[in-house]
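Residue numbering for the sequence shown follows the UniProt record's numbering, starting at 1 and increasing by one per position.
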Amino acid sequence: MPLAYCNTPLGITRIIEEDGFIASISARDEEYEITPAPTPLLQMAIDQLDEYFKGERKEFDLPLKQAGTSFQQQVWDELLQIKYGRTISYAQQSNQMNSPLAIRAIASANGKNDLWIVVPCHRVIGSDGSLTGYAGGLWRKKWLLEHEAKVMGIGQTRLDF
1 MPLAYCNTPL GITRIIEEDG FIASISARDE EYEITPAPTP LLQMAIDQLD EYFKGERKEF
61 DLPLKQAGTS FQQQVWDELL QIKYGRTISY AQQSNQMNSP LAIRAIASAN GKNDLWIVVP
121 CHRVIGSDGS LTGYAGGLWR KKWLLEHEAK VMGIGQTRLD F
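In structure tokens, the structure reads:
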């Protein structure tokens, strides 16, 4: 399973390729040696993340495949529909999935998303506008939302948590 590490404004990011797909993108709090990407696909993922952080990319164009149940796959597919620079609540996501009683299950599936930024679970917030749950840390979620708002020219958002 080829993998690569790259620097981002939010720390080291690990990217794993499996069978010609990007299977995982995750923020790391540990230090890793940054070396050239061993495959063209891993380099493409690094390049697209770099463009995202520079404010030049709003949508990713990578072959993605992460392991999960069919329900988790549906939740992650729904996350891909959230436009850059926008947020929805967990309740809105559950309503869009025609599962208004599944808020906790949907939140749990969001938390198991293994494709950081590319499958934008950071764009899901609490119904009251609060930042809730983010495997990469709430400070990263806040940074990502503020970054996207700034790129979109929406202005500085103030997110308290």
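In this text, a Cβ means the ideal position worked out from N, Cα and C, and glycines have one as well.
Each residue's CA atom was taken as its position, placing I88 and L62 some 24 Å apart. From the listed residues I25, A107 and W116, the smallest Cα separation to T132 is found for A107.
By the criterion of at least three beta-carbon pairs nearer than 8 Å, the region 123-142 is in contact with the region 65-84.
Boundaries for G111: no beta strand (DSSP E) harbours it, while the alpha helix (DSSP H) harbouring it runs I103 to G111, taken from the DSSP string. By the 16-neighbour rule on beta-carbons within 10 angstroms, A4 is buried. Taking G55 as the centre and dropping the five residues before and after it, the same chain places the C-beta of H147, K150 and V151 closer than 8 Å to its C-beta, in chain order.
Taking 4 residues as the minimum length, the alpha helix (DSSP H) runs contained wholly in the region 21-67 are 40-53, in order along the chain. Counting C-beta pairs closer than 8 Å gives fewer than three between the region 19-34 and the region 97-106, which falls short of the contact rule.
A direct Cα-to-Cα measurement between I15 and I34 gives close to 12 Å. Boundaries of the beta strand (DSSP E) harbouring R14: G11 to E18, taken from the DSSP string. If the five residues before and after D114 are omitted, its C-beta is found closer than 6 Å to the C-beta atoms of S24 and Q66, all from its own chain and listed in chain order.
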